[in-house]
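Inspection log for the structure reproduced underneath, given as structure tokens.
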Amino acid sequence: MNKIPLSKTKIESKVATIRDSLEELNKISRLSKKEFEANKDNFAITEHYLRRALEALFDIANHIVSRFPYSAGKRPYSYKGLALALADRGIVNKNFGSTALVNMAGYRNRLVHFYDEITPKELYEIITTKLGDFETFVKAVLRLVKNPEKFGLTIEE
Numbered sequence: 002m003n004k005i006p007l008s009k010t011k012i013e014s015k016v017a018t019i020r021d022s023l024e025e026l027n028k029i030s031r032l033s034k035k036e037f038e039a040n041k042d043n044f045a046i047t048e049h050y051l052r053r054a055l056e057a058l059f060d061i062a063n064h065i066v067s068r069f070p071y072s073a074g075k076r077p078y079s080y081k082g083l084a085l086a087l088a089d090r091g092i093v094n095k096n097f098g099s100t101a102l103v104n105m106a107g108y109r110n111r112l113v114h115f116y117d118e119i120t121p122k123e124l125y126e127i128i129t130t131k132l133g134d135f136e137t138f139v140k141a142v143l144r145l146v147k148n149p150e151k152f153g154l155t156i157e158e
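Here the working numbering = 1-based position in the sequence shown + 1.
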């Protein structure tokens, strides 16, 4: 059976989206909580860049997981399922996958489907305490890109 290779170009493009978004989120994270909440644009900008970073992260996760063989009906499609599959396949640390990535999947769904319930307080908490999780994910993905054979995968430029 021929394996479908990972696309290095696609992964690098999505990693760039994550890093660009993180750059903007890091700027905003330097504001005090009072400064953050004083300007509603900070909320909108944070929500936008956080959603972009999460979408790019799960686009990468889906791209990777889709390259692994699964029996009919067993391939994970939910964002939480993708997070757990990356951990099961050793792409990310099991604890990171089952906690941080699963939480990120839940928050992505909250941003998209329950956007009217998001508060400035929770966004500020995320950008001041959780942005490092994105870099942990990116490092794991770049390790995979460097050595896909270790995970039973191939890659094309």
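We put the CB at the ideal spot given by N, CA and C, even for glycine.
All values reported here derive from a predicted model rather than from experimental measurement.
Provide the residue span of the alpha helix (DSSP H) that contains residue i, from first to last.
i, result
"residue 82", "80 to 89"
"residue 117", "Per DSSP, residue 117 belongs to no alpha helix (DSSP H) and is neither H nor E."
"residue 135", "133 to 147"
When you compare each of the options to residue i by their alpha carbons, which one comes out closest?
i, options, result
"residue 57", "148, 14, 118, 101", "14"
"residue 91", "148, 21, 28", "148"
"residue 32", "9, 43, 120, 138", "43"
"residue 22", "37, 107, 50, 95", "50"
"residue 116", "47, 26, 82, 76", "47"
"residue 30", "130, 151, 96, 64", "130"
"residue 81", "103, 64, 61, 69", "103"
My assumption, with CB atoms under 8 angstroms, is that residue i sits in contact with residue j. Please give the rounded CB distance.
i, j, result
"residue 54", "residue 93", "With 8 angstroms as the limit, residue 54 and residue 93 do not qualify as a contact, their Cβ atoms being about 16 angstroms apart."
Apart from the five residues on each side of it in sequence, which residues of its chain come closer than 8 angstroms, Cβ to Cβ, to residue i?
i, result
"residue 158", "9, 10"
Please work out which residues of its chain come closer than 7 angstroms, Cβ to Cβ, to residue i, disregarding the five sequence neighbours upstream and downstream, and give them in chain order.
i, result
"residue 19", "54, 57, 58, 135, 139"
Between which residues of its own chain and residue i is the CB-CB distance below 6 angstroms, once the five residues before and five after are set aside?
i, result
"residue 25", "50"
Whole runs of the beta strand (DSSP E) within the region 22 to 85, excluding any shorter than 3 residues
You should have found no qualifying run.
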